[in-house]
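Have a look at the structure below before the remarks.
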Amino acid sequence: MGLMSAVLVAFLVARLLSPESMAEPIEDRLALLDFVDKFPHGRTLNWSDNSSACDHWVGVKCSRDKSRIVSLRLPGVGFSGEIPPNTLSRLSALQTLSLRSNSITGPFPSDLTNIRTLTQLYLQSNNFSGPLPSNLSLWQNLTVLNLSFNAFNGTIPSSLSNLTHLVALNLSNNSFSGEIPQLDLPKLLQLNLANNSLGGRIPEPLRRFPNASFVGNNFSAPLTPVPISPRSSSPISLPSSNKRKTGNLSQSAILGIIVAVSLSIFVILALLLTVYCSKRRSGNGISGKMGKGDMSPKMVAGSQDENNRLVFFYGCRYAFDLEDLLRASAEVLGKGTFGTSYKAVLEDSTSVVVKRLKEVSAGKREFEQQMEIVGRIRHENVVQLRAYYYSKEEKLIVYDHYRQGSLSTLLHGSRDEHRVPLDWDTRLKIALGMARGAACIHMENSGKFVHGNIKASNIFLNPENYGCISDLGLTTLMNTPIPLSRAAGYRAPEVVDTRKATQASDVYSVGVVILELLTGKSPVQSIRGDEIVHLVRWVQSVVREEWTAEVFDLELMRYPNIEEELVEMLQIALSCVVRLPEQRPKMVQVVRMIEDVGKVESVRQTCCDAEADSSGGITPASQKADQ
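If you count by mature numbering (1 follows the signal peptide of the UniProt record, and there is no 0), then the sequence shown holds residues -23 to -1, 1 to 604, one letter each, in order.
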C-alpha cells in the first residue's frame, strides 16, 4: 500500500511540474470556477477542471506565457442576480472585463476596484442599481468604461477626473442626478451622459463634445446648437446693412425668429435623416453596404430588444455579440443563392462567416424552428451553424470560417503556373467528406431532412482536407424556389419540373460535384458562342462512346496507378445522376462506395454526432447574446 501511495504522489508531482500544468493560471482558474459556480447563468459554458482555461474556455484569454488570465468576455450568457463577491476580484492581472447584455442586478461590485490592471470595463445593458463607488480612481489604467442602460443613480463620482487615461466614457440611460463633476480628461474622445437626470451646467472641459452626449437631462442652460467661435462672442455676424434694422426689433421678436429658424433647421434635418435611412434600408450588404471596412448595422436600434439578439448554439466557444459582429472588419466573400456572405474579423482576431439572408418568407417562429434543427447537427463534415439573428429587417446566420475556401474556388480558379493543383488524394477526401456530411443531414429530422442546394461553392475544406457541407436548411425559408440559373447543372431533372428538392435530388447534386472533381470542369459550360454544355450529359455521352479516359482532368493524369480508382469514382458519380430518382443510391450507400475506393479510412461514424449535455439530452440554442 505504501508503494502505491508513493507512486501516486510521484505521479501528481510530475503532473504539477509538467510544462502544461505550469503554463496554466491555477489561481485564476479557481477564481473563475468559483465565479461561475456561484453565479446562475442560462448559457452553458465549457469551463471544467479537465480542460485548459487558456486554450478552450469560452470568453477567456490569457497572457502570452499563459501564466495569468488577462481578458474575460461573457456577453449575453444569461447571468442573473448579483455578482458573487471575492471571485472576479481575484483576477489581479485582468485587463478586459465584459459582462454586458446579461440580467445582473444589485449594486456596482465594489471589489472590482481591487483589479488595478483593468483597462476596459463593459457592464452595459444589465440591471445594476444604486450609486457608483467613490474610489474609481484606483483604476489608473482604465481607458474604456461603459455602464449604460442600467439603473445606476446618485451623483457621478468626482474620482472619475483622476482617470487620466480614459478614452471612452458612457453613463447614458441611467438615473444619475446632480451636477456633472469637473472632468478634465485630456485623452477622452467619446462621452455619453444622455438620458439621465443630471442638472446644473455642463463643465467647460466637456463642452467640446456634441449635444447628443448630453440630451435627455435637466441642464439649467440650453444646449448650444452651434459652437461659439473663440474669435467672436456671437455665433452669427450680421451684415452692417442689417444691424440698423434689427435695432428696432424687440428681444421677444428676435427670440421668436431664432426659435422659428431653429425649428425649420430641425425639420429639414429630420427629413434628410428619414430619406437617408430609407436609402440605407434598400441598399446591399449589411446596413446598405458592406465591403472591406466596418459593418454599420441599420438594426442597431433593435439590438437592445430582448427578442432581437444573436442566438448562440450549445457548444459554441465564441464570445461576441451583435454589436461586436457589426463593428468587425469585414470583406465580401461572395453573393450566392440565399444572400451575401462576409468574412468578419472580430477584435480578438477571431474570423467567422456572416451570411445576410435575402427574400426570407418564413416568420420568426418558423425561422427559429428551422435554425434549431440545423443548429443541433454536429458532424465533422457539416459546417457548424454557430449563431443566428432574426428581426423584421435583417436575418443573419454565423458559421465557422474555413481558410482554404470553397471547392468551387479551388477547382475552378485561375489555372496559371502559380496554382497548386488538387491532387487525387485530396479530391477523394473532399468527395468522402461531402458524402458523409450529406448522409448526416439526411438522417436529421427523423430521416426526412433535405439540404436542397448542394454545389461546389457550398463545399469547404477542413484542415484535414475533407469536404464539409454548408448552407443547409435554408431552401424552405425563402420566398421563391431557387432560380434554375443559380443552380444550373446541379439540379436533378425532376427538380427542374417540380421545383421541390428531395433527398434523391441531393444525391444527384453530390454526383455532379464528384464529376467536377473527376473532370475539373464546371457543371455548365458555354462553348462556341451561345452553345451550352451540361457536364452530366457530356460525361454520359463520352462514356457511351467508350472514351472514358477523355473525361478525367489532365491534372490527375500525372499521378500513377490511380486509373482504377478514377473509373470506380466515375461509376459512383454516374449512379448518382441517373434520371429516375428511385434508381439513385441512398447517401449512406454512396459513403460506403467511396470508402471502398482506394481503401479510404472508414468513417468514425456516419450519423450525426449530436453534442449532448450532462444529462444526456440535446441542448438547443441556449442563449441570446449582445455584449
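Cβ coordinates follow ideal geometry from the N, Cα and C atoms, glycine included.
Pair within 9 Å by beta-carbon distance, residue i and residue j
i	j	result
Ile509	Leu409	no
Leu547	Val565	no
Val288	Tyr379	no
Leu124	Leu98	yes
Leu454	Val337	yes
Ala30	Leu68	no
Phe16	Thr64	yes
Gly313	Ser434	yes
Leu49	Ser66	no
Ser149	Phe186	no
Val516	Val528	yes
Arg178	Ser152	no
Ile350	Glu421	yes
Val427	Gln480	yes
DSSP three-state assignment for residue i, whether helix, strand or coil
i	result
Arg6	helix
Arg413	helix
Gly155	strand
Phe344	helix
Gly382	coil
Ala339	coil
Gly444	strand
Asp377	strand
Tyr485	helix
Ser328	strand
Ala408	helix
Ser174	strand
Ile263	No answer about Ile263 holds up, because its pLDDT of 40 lies below 50 and its placement is not dependable.
Arg353	helix
Leu119	coil
Asn91	helix
residue 605	Since the first residue shown for the chain is -23 and the last is 604, residue 605 is missing from the structure and cannot be characterised.
residue 605	As shown, the chain starts at -23 and ends at 604. That puts residue 605 outside it, with no answer to give.
Leu183	helix
Ala550	helix
Val568	helix
Residues near residue i in its chain [Cβ-Cβ closer than 8 Å; skip 5 each side]
i	result
Ile431	Met411, Ala415, Ile446, Tyr467, Asp483, Ser486, Val487 and Val490
Ser154	Asn130, Gly131, Thr132, Asn173, Ser174, Leu175 and Gly176
Ala278	Residue confidence for Ala278 is low, a pLDDT of 28 falling below 50, so the modelled location carries little weight; the figure read from the coordinates is stated next. Same-chain partners within the cutoff: there are none.
Leu461	Note that Leu461 has pLDDT 48, beneath the 50 cutoff, so the model's placement of it is unreliable and the number below is only indicative. Taken in chain order, the residues that qualify are Arg468 and Val473.
Cβ neighbours of residue i in the same chain (closer than 6 Å, five flanking residues each side left out)
i	result
Phe297	Leu323
Gly224	The predicted position of Gly224 is uncertain, since its pLDDT is 44 and thus under 50; a value taken from the coordinates is nonetheless stated next. Excluding residues within five positions, none has a Cβ falling inside 6 Å.
Ile539	Trp401
Tyr536	Trp401
Ala469	Ser482 and Tyr485
Pro86	Ile60
residue 630	Nothing about residue 630 can be read from this structure; the chain reaches only from -23 to 604.
Gly83	Glu59
Sheet register partners of residue i (DSSP bridge)
i	result
Val555	Per DSSP, none; premise fails for Val555.
Phe105	Gly83
Arg333	Thr317 and Leu373
Ser138	Answer by DSSP bridge pairing: none, since Ser138 is not bridged.
Val322	Ser306 and Ser328
Asn169	Asn147
Ile436	Ile446
Tyr99	Ser75 and Asn123
Gly131	Phe153
Neighbourhood of residue i by C-beta distance below 7 Å, restricted to the same chain and skipping five residues each side
i	result
Ala189	Ala171
Thr452	Gly429, Asn430, Ile459 and Ala478
Ser136	Ser111, Asn112, Leu113 and Ser114
Leu71	Ile46, Val47, Leu49, Ile92, Thr94 and Leu95
Output the residue ranges of the beta strand (DSSP E) runs that lie fully inside the stretch 295 to 320 and measure 3 residues or longer, sorted by chain position.
306 to 312
Mind pulling the alpha helix (DSSP H) runs of 4 or more residues that sit fully within the stretch 2 to 78?
3 to 15
Secondary structure, beta strand (DSSP E): runs of 3+ residues fully inside the stretch 497 to 539
501 to 504 and 508 to 511
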